[in-house]
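I have placed the structure first, in the form of structure tokens, so that the comments after it can refer back to it.
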Amino acid sequence: MSPNNISAKLVLLGDMGTGKSSLVLRFVKGQFFDYQESTIGAAFFSQTLALNETTIKFEIWDTAGQERYHSLAPMYYRGAAAAIIVYDITSLDSFIRAKKWIQELQRQGTPNMVMALAGNKADLMAKRKVEPEEAQTYANENGLFFIETSAKTAQNVNELFYEIGKRLHQAQLMQPPQGLLLANGRKETGSSNSCCLK
Ligand code: GTP
Ligand code: MG
């Protein structure tokens with residue numbers, strides 16, 4: 002099989018403070034900050050992942066979870082090939098909010114979007130409010146991939162993006178979903194950058 006380079010738009014959604022920016026920063030730069038600033042509007046990052054003979058360049062939109070930015074979200078999830086919906090395992094409200102985002106994506110998102118549900122802050126086990134079994138059941142019922150992560154300890158962060166990459170690759174073998182651009186012959190290396198949008 003010839004080498005493939007795929008570009009995939011990926012959006013992160015979820016309540017404020019659940020750790021969306023922290024997950025992206027961990028994945029793209031290997032960094033974590035105890036006092037991560039709340040996102041204003043959205044932030045853009047890109048990161049390339051090698052999967053055997055395929056390279057996937059993720060074009061990542063890290064959205065702001067504050068309610069006043071909700072109306073901007075469709076700009077970022079429209080045409081996205083994949084979404085990560087993040088909740089905080091220590092907050093039941095954030096899990097309820099995650100389920101609302103999933104409903105919105107099912108109604109208005111890209112058909113056949115690869116969706117992952119991430120229960121973040123898995124390092125805070127003692128404060129857990131959402132059981133993994135409950136999230137797993139919900140994910141199974143809705144055809145999502147579920148994983149618990151910690152941006153702080155890096156637990157399962159690469160695994161999360163890797164699994165999305167694998168699923169996008171599989172989907173692309175059947176038919177390219179929207180938001181997946183094939184760029185054969187283009188060689189990408191693990192470059193990363195970020196900038197911010199208002
Ligand atoms: P908004 O941009 O407001 O939507 O928030 P966000 O979802 O981007 O959350 P952010 O990454 O800013 O993280 C919020 C707070 O949670 C920060 O103080 C982080 O340091 C902390 N945090 C993020 N991920 C983890 C984690 O896995 N474990 C722990 N213990 N803290 C985390
Ligand atoms: Mg943020």
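First residue of the sequence shown: 2, per the numbering used here; consecutive thereafter.
Backbone N, C-alpha and C fix where the C-beta goes; we use that ideal spot for every residue, glycine too.
#1: If we count the other Cβ atoms within 10 Å of its Cβ and call it buried at 16 or more, is residue 94 buried or exposed?
#2: Would you check whether ligand 1 has a heavy atom nearer than 7 Å to the C-beta of residue 28?
#3: Would you say the region 42-50 touches the region 115-135, given that touching needs at least three Cβ pairs under 8 Å?
#4: Can you look up residue 101 in the DSSP assignment and give me helix, strand or coil?
#5: Please determine, among 115, 15 and 102, the residue with the shortest C-alpha to C-alpha distance to residue 173.
#6: Would you report the Cα separation of residue 67 and residue 84, rounded to the nearest angstrom?
#7: Ligand 1 heavy atoms versus the CB of residue 65: any closer than 7 Å?
#8: Would you kindly work out how many angstroms separate the C-alpha atoms of residue 153 and residue 63, rounded to a whole number?
#9: Just to check, is the beta-carbon of residue 55 closer than 7 Å to a non-hydrogen atom of ligand 2?
According to the structure shown:
#1: Residue mapping note: residue 94 aligns to position 93 of the sequence shown, counting from 1. Classification for residue 94: exposed.
#2: Within the sequence shown, residue 28 is the residue found at index 27, counting from 1. Not a single heavy atom of ligand 1 lies less than 7 Å from the C-beta of residue 28.
#3: Contact between the region 42-50 and the region 115-135 is absent: fewer than three C-beta pairs spanning the two stretches fall below 8 Å.
#4: Here residue 101 corresponds to residue number 100 of the sequence shown, with the count starting at 1. Three-state result, residue 101: helix.
#5: Within the sequence shown, the letter at position 172 stands for residue 173. Checked all of 115, 15 and 102; the closest Cα to residue 173 is 115.
#6: Start at 1 with the first residue of the sequence shown, and residue 67 comes out as number 66. Start at 1 with the first residue of the sequence shown, and residue 84 comes out as number 83. Each residue's alpha carbon lies about 18 Å from the other.
#7: Residue numbering aside, residue 65 sits at position 64 when the sequence shown is read from its first letter. Yes; taking the cut-off as 7 Å, the Cβ of residue 65 has a heavy atom of ligand 1 nearer than that.
#8: The residue you call residue 153 lines up with position 152 of the sequence shown. The residue you call residue 63 lines up with position 62 of the sequence shown. It is roughly 17 Å from the alpha-carbon of residue 153 to the alpha-carbon of residue 63.
#9: Working through the sequence shown from its first residue, we reach residue 55 at position 54. Checking every heavy atom of ligand 2 against the Cβ of residue 55, none is found closer than 7 Å.
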